[in-house]
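Undergrad: Going left to right, the sequence shown walks through residues 1 to 332 as my numbering numbers them.
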Amino acid sequence: MKRRKFIKASSLSGAALLVASTANACQDKNQTEVKKDPEAKPSFPLAIATWNVERSVSTASEVLKKGGSALDAVVEGCKIEEADPKNITVGLGGLPDRDGNVTLDSCVMDNKGNCGSVVYLQNIVHPVEVARKVMEETPHVMLAGKGAEQFAYEMGFKKTDLLTEESKKAWEKWKVESKYDPIINIENHDTIGMIAIDNDGQLSGACTTSGLAYKMGGRVGDSPIIGFGLFVDNEIGGAVATGLGEEVVKTVGSFLIVELMRQGKSPQQACEEAIKRIVEKPNSNFKDFQVGYVATNKRGEIGYYSIHPNFSITIYRDGKVENLKSKSHISA
Ligand code: ASP
1 MKRRKFIKAS
11 SLSGAALLVA
21 STANACQDKN
31 QTEVKKDPEA
41 KPSFPLAIAT
51 WNVERSVSTA
61 SEVLKKGGSA
71 LDAVVEGCKI
81 EEADPKNITV
91 GLGGLPDRDG
101 NVTLDSCVMD
111 NKGNCGSVVY
121 LQNIVHPVEV
131 ARKVMEETPH
141 VMLAGKGAEQ
151 FAYEMGFKKT
161 DLLTEESKKA
171 WEKWKVESKY
181 DPIINIENHD
191 TIGMIAIDND
201 GQLSGACTTS
211 GLAYKMGGRV
221 GDSPIIGFGL
231 FVDNEIGGAV
241 ATGLGEEVVK
251 TVGSFLIVEL
261 MRQGKSPQQA
271 CEEAIKRIVE
281 KPNSNFKDFQ
291 VGYVATNKRG
301 EIGYYSIHPN
311 FSITIYRDGK
321 VENLKSKSHI
331 SA
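(1) Just verifying my parser: in three-state terms, what is the DSSP assignment at Met-135?
(2) Only counting the same chain, and skipping five residues up and downstream in sequence, which positions put a Cβ closer than 7 Å to that of Arg-132?
(3) Please list, in chain order, all residues of the same chain as Glu-259 whose beta carbon is under 6 Å from its beta carbon, the five residues on each side excluded.
(4) Could you check whether the Cβ of Ser-223 sits closer than 7 Å to any heavy atom belonging to ligand 1?
(5) Check whether the Cβ of Asp-190 sits closer than 7 Å to any heavy atom of ligand 1, and report yes or no.
(6) Please confirm whether any heavy atom of ligand 1 lies closer than 7 Å to the CB of Thr-342.
(7) Tell me whether Asn-297 is buried or exposed, calling it buried when 16 or more other Cβ atoms sit within 10 Å of its Cβ.
(8) With a threshold of 7 Å, establish whether the CB of Leu-244 neighbours any heavy atom of ligand 1.
(9) Mapping the DSSP letters down to three states, classify Ser-106 as helix, strand or coil.
(10) Could you give the residue range of the beta strand (DSSP E) that holds Met-142?
(11) Mark His-308 as exposed unless 16 or more other C-beta atoms lie within 10 angstroms of its C-beta, in which case mark it buried.
(12) Please report how far the alpha carbon of Ile-226 lies from the alpha carbon of Leu-95, in whole angstroms.
(13) Run the proximity test for Gly-270: is its beta-carbon closer than 7 Å to any non-hydrogen atom belonging to ligand 1?
(14) Quick one: complete alpha helix (DSSP H) runs, 4+ long, within the segment 233-310?
(15) Is it true that the segment 49-60 meets the segment 305-324, where meeting means three or more beta-carbon pairs spaced less than 8 Å apart?
(16) With DSSP run on the structure shown, which of helix, strand or coil describes Asp-28?
(17) Report the rounded CA-to-CA distance for Glu-273 versus Ile-257, giving the unit in angstroms.
(18) Looking only at its own chain, which residues have a Cβ that is under 6 Å from the Cβ of Ala-9, when we skip the five neighbours before and after it?
(19) Quick check on the burial criterion: 16 or more other C-beta atoms within 10 angstroms. Buried or exposed for Ala-332?
(20) Which of helix, strand or coil does DSSP assign to Gly-91?
(21) What are the partner residues of Gly-77, as DSSP defines its beta bridges?
(22) Which residues in the same chain as Asn-114 place their Cβ atom closer than 7 Å to its Cβ, once the five residues preceding and following it in sequence are excluded?
(23) Would you kindly report the start and end of the unbroken alpha helix (DSSP H) that includes Ser-204?
(24) What is the DSSP secondary structure of Ser-326, counted as helix, strand or coil?
(25) So, with DSSP's three-state summary, where would you put Ala-332?
(26) Kindly identify the DSSP beta-bridge partner or partners of Ile-192.
(27) Just to confirm, is the Cβ distance from Tyr-304 to Val-294 under 8 Å?
(28) So within the segment 149-182, which uninterrupted alpha helix (DSSP H) runs reach at least 4 residues, ignoring any that extend past its ends?
(29) Identify which residue in Gln-202, Lys-325 and Asp-222 has its Cα closest to the Cα of Arg-299.
(30) What does the Cβ neighbour count give for Val-220, buried or exposed, with the cut at 16 atoms within 10 Å?
(31) Below 8 Å on the Cβ atoms is my contact criterion, and I expect Ala-83 with Ala-196 to pass it. Report the Cβ-Cβ distance as a whole number of Å.
(32) Comparing the CB of Gly-211 with every heavy atom of ligand 1, is any distance shorter than 7 Å?
(33) Evaluate Gly-67 with the Cβ neighbour count: other Cβ atoms within 10 Å of its Cβ, from every protein chain shown; 16 or more gives buried, anything less gives exposed.
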């Protein structure tokens, strides 16, 4: 009797599932239609990155052209922005937290599903390299704060004051009002996330940021957390996020995109669906913050989408590097 009840309940939930998936299919009509060509040749080597980071992507492309691995490409690419003191959202010269401390978040994930991450790292110019060392040299995935910094010194990284005169001035100006407000498209240049596919069709990704400007001390965003700011599945594809990390965390953004691709969505449809999850939440105040995603599937087909206009991506494909403006939920 009990078993019969169970079977009845299961078949009911099966019917409910069918209705739900039909409803999803209807919703999909609102998404960008992507024509699939099963004969299309896979397009790699490839590197894609959030924002207009031509130098980073060119550097990644040089690694790929020489037959280097996707992991080397994304790490070398991210390092370019980390070392640039003019980039106020990443590495050296990144804007500090509200107490004046520059704290960096970064992660990497390779084609075998290995990953490494550093959170709240201070005094080190290249958190992406430290994240890689965490992956390759320790039994752990994440190291935070003082422990991460200590590990970096043990690995030979040198101590550097990351607060530049410009960033210090900006922080001192901010302190006058001390008003925390996420800035949409800050200097058109937030978190740098990169995914690459090398000549052998292997995927890796990396992500690096100084996090939100004037955040609370101790705050960690999406960028160093696997599945949130970055996710790579070598069989399916990879995705990276930029923008208000708290919102990406609440929707497990990058993992969601990869799972949607696994279920058959194109990278573009998957990015749009992930943005939809954020903006369609009850009482979402999405007009006040930006989130942008970029993704590629295993074949090198790409997608990118954001909430607000003026998000862009940089891509290396077919031997050239270009910056592409993203479509957005709110139109320009
Ligand atoms: N996602 C980053 C964070 O929340 C910041 C950004 O990309 O703007 O820390």
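Just so it is clear, CB atoms sit at the ideal spot from N, CA and C, and this is done for glycine as well.
TA: In brief:
(1) Here residue 135 is taken as the residue at index 135 of the sequence shown, counted from 1. Helix.
(2) To locate residue 132, count along the sequence shown from 1; it is residue 132. Counting only Cβ-Cβ distances below 7 Å, and skipping sequence neighbours, we find Val-75, Val-108 and Gly-116.
(3) The sequence position of residue 259 within the sequence shown is 259, counting from 1. Nothing meets the Cβ criterion.
(4) Residue numbering aside, residue 223 sits at position 223 when the sequence shown is read from its first letter. True, at least one ligand heavy atom lies under 7 Å from that Cβ.
(5) In the sequence shown, counting from the first residue as 1, residue 190 sits at position 190. True, at least one ligand heavy atom lies under 7 Å from that Cβ.
(6) The displayed coordinates of the chain run from 1 to 332. Any statement about residue 342 would go beyond what the structure contains.
(7) One-based indexing of the sequence shown puts residue 297 at position 297. By the neighbour-count rule (16 or more Cβ atoms within 10 Å), Asn-297 is buried.
(8) Here residue 244 refers to the residue found at position 244 of the sequence shown. For ligand 1, at least one heavy atom lies less than 7 Å from the Cβ of Leu-244.
(9) The residue given as residue 106 occupies position 106 in the sequence shown. Three-state result, Ser-106: strand.
(10) Along the sequence shown, one-based indexing puts residue 142 at 142. From DSSP, the beta strand (DSSP E) with Met-142 extends over 142-144.
(11) Along the sequence shown, one-based indexing puts residue 308 at 308. When all chains shown are included, His-308 counts as buried.
(12) Taking the first residue of the sequence shown as position 1, residue 226 is located at position 226. Taking the first residue of the sequence shown as position 1, residue 95 is located at position 95. The straight-line gap from Cα to Cα measures roughly 23 Å.
(13) Here the question's residue 270 lines up with position 270 in the sequence shown. The identity of residue 270 in the sequence shown is Ala, whereas the question assumes Gly. A distance criterion of 7 Å places the beta-carbon of Ala-270 beyond contact range of ligand 1, judged by its closest non-hydrogen atom.
(14) 245-250, 253-262 and 267-279
(15) yes
(16) Translated into positions along the sequence shown, residue 28 becomes position 28. Only weak support exists for where Asp-28 lies, its pLDDT of 47 falling under 50; the value from the coordinates is given anyway. In this structure, Asp-28 counts as helix in the three-state DSSP scheme.
(17) By 1-based counting over the sequence shown, the position of residue 273 is 273. By 1-based counting over the sequence shown, the position of residue 257 is 257. So the alpha carbons of these two residues sit roughly 8 Å apart.
(18) Counting from one through the sequence shown, the residue named residue 9 turns up at place 9. Confidence is the limiting factor: at Ala-9 the pLDDT is only 39, short of 50, which leaves the residue's position unreliable, though a coordinate-based value still follows. Around Ala-9: no qualifying Cβ.
(19) Taking the sequence shown and counting its residues from 1, one reaches residue 332 at position 332. The residue is exposed, with fewer than 16 neighbouring Cβ atoms inside 10 Å.
(20) Sequence index remark: in the sequence shown, residue 91 carries index 91 (1-based). Reduced to three states, the DSSP call for Gly-91 is coil.
(21) Here residue 77 is taken as the residue at index 77 of the sequence shown, counted from 1. Residue pairing for Gly-77: DSSP places it in no beta bridge.
(22) Working through the sequence shown from its first residue, we reach residue 114 at position 114. For Asn-114, where only same-chain residues beyond five positions count, the Cβ hits under 7 Å are Met-135.
(23) For the purposes of this step, residue 204 is identified with residue 204 of the sequence shown, where counting begins at 1. From DSSP, Ser-204 is part of no alpha helix (DSSP H) but of the beta strand (DSSP E) over 203-209.
(24) The sequence position of residue 326 within the sequence shown is 326, counting from 1. Looking at Ser-326 - three-state DSSP - the assignment turns out to be coil, as it is neither helix nor strand.
(25) Within the sequence shown, numbered from 1, the residue matching residue 332 stands at position 332. Coil, per DSSP.
(26) In the sequence shown, the residue the question calls residue 192 occupies position 192. Partner(s): Thr-208.
(27) Stepping through the sequence shown from its first residue, residue 304 is reached at position 304. Stepping through the sequence shown from its first residue, residue 294 is reached at position 294. Their beta carbons are under 8 Å apart, which means Tyr-304 touches Val-294 by this criterion.
(28) 165-177
(29) As a working mapping, residue 299 is identified with position 299 in the sequence shown. Of the candidates Gln-202, Lys-325 and Asp-222, the residue whose Cα lies closest to the Cα of Arg-299 is Gln-202.
(30) Against the sequence shown, residue 220 aligns to sequence position 220. When all chains shown are included, Val-220 counts as buried.
(31) Position 83 of the sequence shown, counted from the first residue, corresponds to residue 83. Position 196 of the sequence shown, counted from the first residue, corresponds to residue 196. Incorrect: roughly 19 Å between the Cβ atoms, too far for contact.
(32) Stepping through the sequence shown from its first residue, residue 211 is reached at position 211. Relative to ligand 1, the nearest heavy atom lies less than 7 Å away from the CB of Gly-211.
(33) Taking the sequence shown and counting its residues from 1, the one referred to as residue 67 is at position 67. Flag for Gly-67 reads exposed.
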